[in-house]
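Notes follow the structure.
Chains as they are written, first to last, in my numbering: chain A, 3 to 110; chain B, 14 to 523.
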């Protein structure tokens, strides 16, 4: 999936997904996120903006989990921003919301 | 049909005796019989007395004291829309000419009348009357045939309503596609479906002929094979001789033993019927399918099957074409059209051919609301289809939206995500992305409980594992494995893993 250029300050990386996070685009997003996170190691928080997502499948969830697992040892945090209630529900019953901050915001 | 004596008879109307005489003479010289009237009212009296069908055209002046030529045209068209008019107007009255043509006049002539122009206009008007009467006769005959078809269908359906649902949606008044059903000796029910080549009235007659012959033979004890062979022989001998195929009939015959649910089925050129079990799961069919009757000498034998409590679904090629156009499974279209309160027009407005669909319950009576469980989808995927998963999901979504138009958006999300996960699981772990393997997707609808059931089965080896224990560990330790199963378990009202996990069944309460 193509994403708009991520925004990055010294402490926060924001990565905006333009649509669903699925098995068919998770690998490309993973590569881009890895590049961003490796480019400057001063970041403390990564924001995964999923407000445009209507559906996140298991491979997409695994991507989020990978980011969480990569961030944790360095004391970094992950914030997931969603607007779709179904996506919010999936994050809840897979208990990802216990490992990352999930923020519900209206769609842009 | 226009009586021969009326083929050349005209009515000429003009309040000016000189003009009337001249027009009459010109037309008599042209070989017509001519009746004359001096005004609007006498003209109307002649037409009413002798009948509009006694004339092949009316030539009338526009300006008359009792009423205009256009008034006369309007009155006559209300009685007989096939009778053509030529209206005579003064030179330059273009507005009158335009209005007359809009109202249905077939031509006009300027006054004073030029003999050749009059003859040409009248000849065209006569031709138009003859053509319109031919069309009207065909339409009437088509309606009569169509009414016969619908009457037969209604009669037959009423006798088997406890067992069979039929929707019959011909595009025109009469159709070459037809389906009939009747009870025979004992507890047997026979369903016959036919699709005669061509879409004209002849096709409808031949279709009805086939059904009449078949019913007579079957009621005398003949098996379906004998009926089909007899009709095939008849087509080859009487209609398709000399190597020319003039008429062919795709035909499907089904005989059901009501108590046992056993069926014998013979398919010659119809789309493959779908047999489903008591759970509404479509069963793979290797049914022999012959060519349409009238092509070749050989007719295959009937196949037999037994699925007590199951359902047999079949439909015309018109429904198959509609499903293609909508890019959905024909089962989804059939379900929607068979629903008692269906908004059929929303789908059939895209139809380009006659449509019918039939659903027959095997073994027991059918409830007024339909059988307990019916199939909505059967799809077989090659094991290497993972790259197409987004397109596949779009296809499933279209199928469900067509079959269940009142589906709640939030539940649709759950269904789509659960199905996607199950299919990805089957393709990746069951098939290992090998094109040698496959995943079968089935959807079943249980109307009474408003439950949509999905079954995804791969032909991999599977493996045993405790999903409940895994789910807790996966959530706590952020394990990546089996997250799809965790999703399915939480999205569906019920999840069942069978055959070492190679068969996943999910139920969604809608």
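The beta-carbon is built from N, C-alpha and C at its ideal position, and this holds for glycine as well. If you're wondering where the values come from, they're calculated on a predicted model, not measured in any experiment.
Contact set for residue i: own chain, Cβ-Cβ below 6 Å, skip 5 residues either direction
i	result
residue 43 of chain B	132
residue 117 of chain B	90
residue 464 of chain B	520, 522
residue 48 of chain A	15, 80
residue 22 of chain A	55, 56, 57
residue 95 of chain A	none
residue 397 of chain B	446, 448
residue 59 of chain A	24, 25
Endpoints, the beta strand (DSSP E) within which residue i is located
i	result
residue 388 of chain B	387-395
residue 278 of chain B	275-281
residue 406 of chain B	Premise fails: residue 406 of chain B lies in the alpha helix (DSSP H), 402-416, not in any beta strand (DSSP E).
residue 121 of chain B	120-124
residue 330 of chain B	No beta strand (DSSP E) holds residue 330 of chain B; the alpha helix (DSSP H) holding it covers 330-339.
residue 87 of chain B	Counting along the chain, residue 87 of chain B falls outside any beta strand (DSSP E), though it belongs to the alpha helix (DSSP H) covering 82-92.
residue 107 of chain A	Run containing residue 107 of chain A: none; DSSP gives neither H nor E here.
residue 46 of chain B	46-50
residue 49 of chain A	47-52
residue 193 of chain B	190-196
residue 369 of chain B	368-374
residue 399 of chain B	Counting along the chain, residue 399 of chain B falls outside any beta strand (DSSP E), and DSSP gives it neither H nor E.
residue 266 of chain B	262-270
residue 468 of chain B	464-471
For residue i, the first and last residue of its enclosing alpha helix (DSSP H)
i	result
residue 230 of chain B	214-232
residue 94 of chain A	87-95
residue 77 of chain A	From DSSP, residue 77 of chain A is part of no alpha helix (DSSP H); its letter is neither H nor E.
residue 361 of chain B	358-361
residue 250 of chain B	Counting along the chain, residue 250 of chain B falls outside any alpha helix (DSSP H), and DSSP gives it neither H nor E.
residue 427 of chain B	422-438
residue 344 of chain B	343-351
residue 33 of chain B	30-42
residue 61 of chain B	53-63
residue 72 of chain A	60-73
residue 450 of chain B	From DSSP, residue 450 of chain B is part of no alpha helix (DSSP H); its letter is neither H nor E.
Beta-carbon proximity list for residue i, same chain, < 8 Å, skipping 5 on both sides
i	result
residue 17 of chain B	Caution is warranted here: a pLDDT of 44 is assigned to residue 17 of chain B, below 50, making its placement in the model unreliable, and no coordinate value can be reported.
residue 59 of chain B	24, 48, 50
residue 81 of chain B	53, 75
residue 7 of chain B	Within the shown structure, residues of chain B are numbered from 14 to 523, placing residue 7 of chain B beyond reach of any answer.
residue 105 of chain A	81, 82, 83, 84
residue 513 of chain B	474, 475, 476, 477
Cut-off 7 Å between Cβ atoms - residues of its own chain near residue i, not counting five sequence neighbours on either side
i	result
residue 395 of chain B	448, 451
residue 78 of chain B	28, 52
residue 381 of chain B	Reliability of the predicted coordinates at residue 381 of chain B is poor, the pLDDT of 47 falling under 50, and no value is obtained from them.
residue 200 of chain B	270, 271, 272
residue 35 of chain A	17, 69
residue 154 of chain B	214
residue 253 of chain B	259, 260, 307
residue 197 of chain B	203, 231, 232
Residues of the stretch 24-47 of chain A with Cβ closer than 8 Å to any Cβ of chain B, in chain order = 24, 25, 26
Inter-stretch contact (C-beta, 8 Å, three-pair minimum) for the stretch 40-57 of chain A and the stretch 470-480 of chain B = no
Which of the residues in the stretch 11-22 of chain A, read from start to end, lie with their CB under 9 Å from any CB of chain B?
-> 22
Using a Cβ-Cβ cut-off of less than 8 Å, list which residues of the stretch 63-86 of chain A approach chain B; keep chain order.
-> 63, 64, 67, 68, 70, 71
Check whether the stretch 287-298 of chain B touches the stretch 253-267 of chain B, taking contact to mean three or more Cβ pairs, one atom from each stretch, closer than 8 Å.
-> no
If we count Cβ pairs, one from each stretch, closer than 8 Å, do we get three or more for the stretch 385-404 of chain B versus the stretch 330-346 of chain B?
-> yes
Given 8 Å, three or more beta-carbon pairs between the stretch 410-425 of chain B and the stretch 309-328 of chain B | no
Residues of the stretch 349-369 of chain B with a CB closer than 8 Å to any CB of chain A: list them in chain order, please.
-> none
Of all the beta strand (DSSP E) runs that stay within the bounds of the stretch 480-522 of chain B, which reach a length of 3 or more residues?
-> 507-511, 516-522
Inter-stretch contact (C-beta, 8 Å, three-pair minimum) for the stretch 299-314 of chain B and the stretch 139-157 of chain B = no
Positions along the stretch 392-419 of chain B whose CB lies within less than 7 Å of some CB in chain A = 402, 403
Going along the stretch 495-516 of chain B in order, which residues come within less than 7 Å of chain A, judged by CB to CB distance?
-> 496, 497, 499, 500, 503
Going along the stretch 424-444 of chain B in order, which residues come within less than 8 Å of chain A, judged by CB to CB distance?
-> 426, 427, 429, 430, 433, 434, 437
Which of the residues in the stretch 97-110 of chain A, read from start to end, lie with their CB under 7 Å from any CB of chain B?
-> 97, 101
Touching or not, the stretch 399-406 of chain B and the stretch 356-365 of chain B, by the rule of three or more beta carbon pairs under 8 Å?
-> no
Taking a cut of 7 Å between CB atoms, which residues from the stretch 470-492 of chain B lie near chain A?
-> 488, 491
Per the contact definition of three or more C-beta pairs closer than 8 Å, is the stretch 113-128 of chain B in contact with the stretch 28-40 of chain B?
-> yes
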